[in-house]
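Please read the structure below before turning to the comments.
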Amino acid sequence: MSEMQAIYLRDYVKPDFTIERVDLVFDLYEESTTVTNSMKMQKLNESEKNLRLDAVDLELLELYINDLKIDDSRYIIEKESLTILNVPTFFQIKIVNKIYPQNNTELEGLYKSGDIFCTQNEPEGFRRITPYLDRPDVMSVFTTTVIANKEKYPVLLSNGNKVQCHDSFNGRHGVTWVDPHKKPSYLFALVAGNLGNISDEFTTASGENVTLNIYCDLGNESKCHHAMKSLKEAMVWDEQMYGREYDLEIYNIVAVDSFNMGAMENKGLNIFNSAYVLADADTASDANFMGIQSVIAHEYFHNWTGNRITCRDWFQLTLKEGLTVFRDQCFSADLNSAEVQRIEDVKALRERQFVEDASPTRHPIQPKSYISMNNFYTATVYEKGAEVIRMVHTLLGEENYRKATDLYFESFDGQAVTTDDFLWAISEASGINLDAFKNWYHQSGTPKLIVQEKFEEGLYKLQLTQVVPDAVDGSKQLAYYYPLKVALLNGDGEEIVTETLIISKENEEFIFENLAEKPRLSINRDFSAPIIIEQASIDFAFLMKHDKNSFVQYEAAQNFATQTVEAMMQGENVSVDFVDAYGHLLDLDRDLSYKALLLELPTVSSLMQRQEEIDFELIYNAKEKLAKELAARYKEKLLSIYHTHHYPKIDAVDSLNMGRRSLKNRVLKLLSSLKTEDVAELAQLQYNNSLSMSDRVVALDILENIDAKRAEIVLQDFYERYKEETLVMNKYFSILAASGREGVLQRVKELQNDAVYDEKVPNLVRSLIGVFARNYKYFHAKDGSGYRFVADKIIEIDKINPQMASGLAGAFKIYNKMNLQNKELMHQELKRVVSTHDLSKNSFEIISKILK
430 MSEMQAIYLR DYVKPDFTIE RVDLVFDLYE ESTTVTNSMK MQKLNESEKN
480 LRLDAVDLEL LELYINDLKI DDSRYIIEKE SLTILNVPTF FQIKIVNKIY
530 PQNNTELEGL YKSGDIFCTQ NEPEGFRRIT PYLDRPDVMS VFTTTVIANK
580 EKYPVLLSNG NKVQCHDSFN GRHGVTWVDP HKKPSYLFAL VAGNLGNISD
630 EFTTASGENV TLNIYCDLGN ESKCHHAMKS LKEAMVWDEQ MYGREYDLEI
680 YNIVAVDSFN MGAMENKGLN IFNSAYVLAD ADTASDANFM GIQSVIAHEY
730 FHNWTGNRIT CRDWFQLTLK EGLTVFRDQC FSADLNSAEV QRIEDVKALR
780 ERQFVEDASP TRHPIQPKSY ISMNNFYTAT VYEKGAEVIR MVHTLLGEEN
830 YRKATDLYFE SFDGQAVTTD DFLWAISEAS GINLDAFKNW YHQSGTPKLI
880 VQEKFEEGLY KLQLTQVVPD AVDGSKQLAY YYPLKVALLN GDGEEIVTET
930 LIISKENEEF IFENLAEKPR LSINRDFSAP IIIEQASIDF AFLMKHDKNS
980 FVQYEAAQNF ATQTVEAMMQ GENVSVDFVD AYGHLLDLDR DLSYKALLLE
1030 LPTVSSLMQR QEEIDFELIY NAKEKLAKEL AARYKEKLLS IYHTHHYPKI
1080 DAVDSLNMGR RSLKNRVLKL LSSLKTEDVA ELAQLQYNNS LSMSDRVVAL
1130 DILENIDAKR AEIVLQDFYE RYKEETLVMN KYFSILAASG REGVLQRVKE
1180 LQNDAVYDEK VPNLVRSLIG VFARNYKYFH AKDGSGYRFV ADKIIEIDKI
1230 NPQMASGLAG AFKIYNKMNL QNKELMHQEL KRVVSTHDLS KNSFEIISKI
1280 LK
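Following this note's numbering, the numbering of the sequence shown begins with 430 at its first residue and continues without gaps.
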């Protein structure tokens, strides 16, 4: 079980060796690839006699020290390492080894996506390519030469700037790339293929010209223009908001279909999941366009927050990811609707991270240990990490925050650093002591804030009590330090006090004097802290009507609906007050996208999080009953909104038309709860006539859930139209896997045999198996069939791609909150999986934590 041993932050030690320069030569063939790795090295710890390099499945051909070939008496090959004995202080090492990218289904290191050679090295993929000090605090200058068949692989790419093209020989050719910036091995990248591309140029603020290329499969070039536009917008934004310019002559992006993550920020050569590059109005939804804009920006922003300044060790991952997510969220807010972006960010946090924080797999944004680092690319490290940076921004204000980030870049450029280094820069530039704030980095779980109010003779007392959950090991945790934006409203909804309170103790009291009447409290405005508010006797209807803070208004609508659903789960009737308040929302004259969010009912995920013991049947029944009541009461008004904003022949991706589609599809979805012939006909007409993929997908989803006969017709049409478009087929599989109709599990099983489906392509696995695992109605079936199926898939996929398998295992994270019957069924399947022979570290870590 040695491979299952945990690695601890407390055990970090500096590297004994460093690599000044590395020269790589890749000879790519269909059967195998030969890698020649030449490194100029220096010993930093003179007491260390031997050099241990990380290496997985090493097939060593030759090994040289200072140009002298050494035999096997001078080195030891183990499962995950190559140790070279008795090395000098300064030396040159050359390693020649063979790898088999075409057989690499784990998609880490060098592998093939279709006919494209590509890499994914974060966090520990480079050791699968060649032996190396594969840790982020070893930074080196890389020179890379790629050699391949010229006809089959005319495009050869790597990091940095292209410095030489080698003449063709025996039908082969080569290209040499030099990256002048030191980087760790996880940022190394290589691509070879017969690719199409679009090109553009960007001139930096200091006048340097940069060539921009986006590469893709031949024939998809026309789908790259939105990504290129987003890239140039991100480059401008980073110069204006952070003073950061790009630093190479060329910036390349490559889109591939087989990719475990969303994208990778490799220096000068970003490799993307094609879902976050390719889009046109016919094949991509509005959400796809927005996602591309965000992820393109995220990877570009990593050039400074991740590449120029990187992590000392993987426990510091949030240093680059939390900060960069915050940056891409702000970018999206500046280019689109800030109020909509903020709500979408919070929704994503609550749907994914709050669930994680309440589960046995919860961890701080800076974890203390891991078995497989791949398991910590989580919503906690990313999205909660971004909320922590947002709180820093709120505490400092825009001007001091910019001073602090400038100091961070100036102090640590070219280094591998820690979260403490970042917080030092923040404190040094702002003069604010953030020692108490560090609890956000080291503690897990979502804190609650209990709110009590008292009002007497013009004196309003706000009493706040922090409730901090125990750590996953049961140990007590300390109170948090955070900003809390509040406002006090008078009876007309006017703001009489607005303030940012600093919360730092378990119990605090804030007093507001000389008030003419008891105010209404508007709390945690803009979601200023990632906490759960518990407050008795809130007038949700008043806040829905009067609060000018868009987040609190949205929150009031969500909380009122949640309160209503929960009462119905206990057997009560639909709240007349909520139905009336919902009618007020229908009449609001607001930004259309924002209004669509206001009209959204709480998700099943958000409702389940509030249950001590989860019973999905009760949640579904109550929510469906409420939706039907609202649709019946306001049917004519909903139809009027729909027809007012339905423009089927307009597919433009701009704020007005995206808002129209968002609102009209929200009300159509609500109307579909009636399951009437006229609504089904409306959905079918929308599918037949609309040019927008957003409209077609919503119509398909509605018909799949309310009219099986119509669904069969339109789904067959959709399949025939798009079966050659893998990204669109992801939508097709998702609609069927998320269906609320009977027989979903059987249809999912059958879809695995579809000619389009490929279990080796992560996007397809996520869209079919992953979506089914989030279909709470059928995944949590009382007969355990959903659990058995997903457990079988984890065992099967774990042998192909452990990272994908452990991702599926996350569906069981709510085990500890399930009712007794479901918990017992879950337990049986989890024990079966964790007992599987040769289960990967990835899956073992997740499932063992859930069972523990």
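Built from N, CA and C at the ideal position, the CB exists for glycine as well.
Round the Cβ separation of isoleucine 643 and asparagine 626 to the nearest angstrom and send it over; I've been treating them as touching at under 8 Å.
Within the sequence shown, numbered from 1, the residue matching residue 643 stands at position 214. Within the sequence shown, numbered from 1, the residue matching residue 626 stands at position 197. Right, their Cβ atoms sit about 6 Å apart.
Across which residues does DSSP place isoleucine 499 in a beta bridge pair?
As a first step, residue 499 must be located in the sequence shown, where it is residue number 70. Answer by DSSP bridge pairing: none, since isoleucine 499 is not bridged.
For alanine 1166 and alanine 854, what's the separation of their Cα atoms in angstroms?
Within the sequence shown, residue 1166 is the residue found at index 737, counting from 1. Within the sequence shown, residue 854 is the residue found at index 425, counting from 1. Going by the C-alpha atoms only, they are around 48 Å apart.
Ordered along the chain, which non-local residues of its own chain (more than five positions away) have a Cβ less than 6 Å from that of arginine 503?
Position 74 of the sequence shown holds residue 503. Taking arginine 503 as the centre and dropping the five residues before and after it, the same chain places the C-beta of Leu514 closer than 6 Å to its C-beta, in chain order.
Counting only runs of 4+ residues fully inside the segment 968–1039, write out the alpha helix (DSSP H) ranges in chain order.
Contiguous alpha helix (DSSP H) elements confined to the segment 968–1039 occur at 969–975, 979–998, 1005–1016, 1021–1027 and 1033–1037, taking only those with 4 or more residues.
Whose C-alpha, out of Ile772, Thr512, Gly735 and Val1219, is nearest the C-alpha of alanine 845?
Locating residue 845 in the sequence shown gives position 416, where the first residue counts as 1. Alanine 845 has its Cα closest to that of Gly735, out of Ile772, Thr512, Gly735 and Val1219.
Between which two residues does the beta strand (DSSP E) containing asparagine 550 stretch?
Position 121 of the sequence shown, counted from the start, is the residue given in the question as residue 550. That residue, asparagine 550, is in no beta strand (DSSP E); it is neither H nor E in DSSP.
Could you tell me the alpha carbon to alpha carbon distance between phenylalanine 701 and asparagine 649, rounded to whole angstroms?
Numbered from 1 along the sequence shown, position 272 holds the residue referred to as residue 701. Numbered from 1 along the sequence shown, position 220 holds the residue referred to as residue 649. Whole-angstrom Cα-Cα distance: 14 Å.
Host alpha helix (DSSP H) of lysine 1093 (start-end)
Along the sequence shown, read from residue 1 onward, the residue named residue 1093 stands at position 664. Boundaries of the alpha helix (DSSP H) harbouring lysine 1093: 1084–1100, taken from the DSSP string.
Taking glutamate 882 as part of the alpha helix (DSSP H), name the residues at either end of that continuous run.
Counting from one through the sequence shown, the residue named residue 882 turns up at place 453. Note, glutamate 882: premise wrong, no alpha helix (DSSP H); beta strand (DSSP E) at 877–885.
Burial state of arginine 936 (16 or more Cβ within 10 Å)
For the purposes of this step, residue 936 is taken as residue 507 along the sequence shown, with counting starting at 1. A small fix is needed here, since residue 936 is asparagine in this sequence, not arginine. Burial call: exposed.
Distance check for glutamine 549 and methionine 430, CA to CA, integer angstroms please.
Indexing the sequence shown from 1 puts residue 430 at position 1. Indexing the sequence shown from 1 puts residue 549 at position 120. Low per-residue confidence applies at methionine 430: pLDDT is 37, beneath 50, and the placement is therefore not dependable enough to give any value.
Those runs of the beta strand (DSSP E) which lie wholly inside the segment 611–694 and span at least 3 residues:
619–622, 624–632, 638–646 and 679–685, all fully within the segment 611–694.
Please state whether the Cβ-Cβ distance between aspartate 1080 and leucine 1120 is less than 7 Å.
Within the sequence shown, the letter at position 651 stands for residue 1080. Within the sequence shown, the letter at position 691 stands for residue 1120. Using a Cβ distance threshold of 7 Å, aspartate 1080 and leucine 1120 count as a contacting pair.
For alanine 692 versus histidine 655, is the C-beta spacing smaller than 7 Å?
Within the sequence shown, residue 692 is the residue found at index 263, counting from 1. Within the sequence shown, residue 655 is the residue found at index 226, counting from 1. No. Outside cutoff.
Alpha-carbon to alpha-carbon, tyrosine 1063 and isoleucine 1070:
For the purposes of this step, residue 1070 is taken as residue 641 along the sequence shown, with counting starting at 1. For the purposes of this step, residue 1063 is taken as residue 634 along the sequence shown, with counting starting at 1. Those two C-alpha atoms are separated by around 11 Å.
Below 8 Å, how does it come out for the segment 782–798 and the segment 808–825: are there three or more Cβ pairs, yes or no?
Yes, the segment 782–798 touches the segment 808–825.
For the candidate residues Ala577, Asn495 and His610, whose alpha-carbon lies nearest to that of cysteine 594?
Taking the sequence shown and counting its residues from 1, one reaches residue 594 at position 165. Cysteine 594 has its Cα closest to that of Ala577, out of Ala577, Asn495 and His610.
How about isoleucine 772 and leucine 1026: are their beta carbons less than 7 Å apart?
As a first step, residue 772 must be located in the sequence shown, where it is residue number 343. As a first step, residue 1026 must be located in the sequence shown, where it is residue number 597. Here isoleucine 772 is near leucine 1026, since their CB atoms are less than 7 Å apart.
Starting from the C-beta of alanine 1061, find all residues in its chain whose C-beta is less than 8 Å away, skip the five residues before and the five after it, and write them out in chain order.
Here the question's residue 1061 lines up with position 632 in the sequence shown. Same-chain partners within the cutoff: Leu1103.
Can you give me the Cβ contacts of threonine 518 inside the same chain, cut-off strictly under 6 Å, excluding the 5 residues immediately before and after it?
Taking the sequence shown and counting its residues from 1, the one referred to as residue 518 is at position 89. Sequence-distant partners of threonine 518 (beyond 5 residues in either direction) whose C-beta falls short of 6 Å from its own C-beta, in its chain, are Lys472.
Give a yes or no on whether the C-beta atoms belonging to lysine 1242 and threonine 790 are separated by under 7 Å.
Along the sequence shown, one-based indexing puts residue 1242 at 813. Along the sequence shown, one-based indexing puts residue 790 at 361. A contact, by the Cβ cut-off of 7 Å.
Could you tell me whether the segment 932–951 touches the segment 809–827, where touching means 3 or more Cβ pairs closer than 8 Å?
Output reads no: the segment 809–827 does not touch the segment 932–951.
If you run the structure through DSSP and keep just helix, strand and coil, what is histidine 602?
As a position in the sequence shown, residue 602 is number 173, starting the count at 1. Looking at histidine 602 - three-state DSSP - the assignment turns out to be strand.
Rounded straight-line distance, which links the Cα of methionine 433 to that of serine 933:
Along the sequence shown, read from residue 1 onward, the residue named residue 933 stands at position 504. Along the sequence shown, read from residue 1 onward, the residue named residue 433 stands at position 4. If you take the alpha carbons of serine 933 and methionine 433, they lie about 39 Å apart.
Rank Lys1152, Val1127 and Val1185 by C-alpha distance to the C-alpha of serine 1168 and give the top, closest one.
Along the sequence shown, read from residue 1 onward, the residue named residue 1168 stands at position 739. Nearest to serine 1168 by C-alpha distance, out of Lys1152, Val1127 and Val1185, is Val1127.
Helix, strand or coil: how does DSSP classify leucine 1268 here?
One-based indexing of the sequence shown puts residue 1268 at position 839. The DSSP-derived three-state label of leucine 1268 is coil.
Determine which residues share a DSSP beta bridge with alanine 845 and list them.
By 1-based counting over the sequence shown, the position of residue 845 is 416. Bridge pairing for alanine 845: Thr739 [DSSP].
Within a Cβ cutoff of 7 Å, which residues of the same chain sit near glycine 1215, ignoring the five residues on either side of it in sequence?
Locating residue 1215 in the sequence shown gives position 786, where the first residue counts as 1. Cβ neighbours of glycine 1215 beyond the five flanking positions: Leu1174, Tyr1207, Phe1208 and His1209.
Is the Cβ-Cβ distance between methionine 820 and proline 912 less than 7 Å?
Looking up residue 820 in the sequence shown gives position 391. Looking up residue 912 in the sequence shown gives position 483. At the C-beta level, methionine 820 and proline 912 come within 7 Å of one another.
What residues match up with lysine 579 in a beta bridge as DSSP calls it?
Within the sequence shown, the letter at position 150 stands for residue 579. In the DSSP output, where bridge partners are listed per residue, lysine 579 has none listed.
Quick check on the DSSP output: the alpha helix (DSSP H) that includes isoleucine 1224 runs from which residue to which?
Here residue 1224 is taken as the residue at index 795 of the sequence shown, counted from 1. That run of the alpha helix (DSSP H) goes 1214–1227.
Quick one: is histidine 1013 buried, meaning 16 or more other Cβ sit within 10 Å of its Cβ, or exposed?
Locating residue 1013 in the sequence shown gives position 584, counting from the first residue. Burial check for histidine 1013: the Cβ neighbour count within 10 Å stays below 16, so the residue is exposed.
For leucine 490, count the other beta carbons within 10 Å of its own beta carbon; 16 or more makes it buried, fewer makes it exposed. Which is it?
As a working mapping, residue 490 is identified with position 61 in the sequence shown. Label assigned to leucine 490: exposed.
Cβ distance (whole Å) where phenylalanine 989 is taken to contact alanine 965 below 8 Å
Counted from its first residue, the sequence shown places residue 989 at position 560. Counted from its first residue, the sequence shown places residue 965 at position 536. With a beta-carbon spacing of about 14 Å, phenylalanine 989 and alanine 965 fall beyond the 8 Å limit used to define contacts.
I need the boundaries of the beta strand (DSSP E) containing aspartate 452, first residue and last residue.
Translated into positions along the sequence shown, residue 452 becomes position 23. DSSP places aspartate 452 inside the beta strand (DSSP E), whose first and last residues are 446–457.
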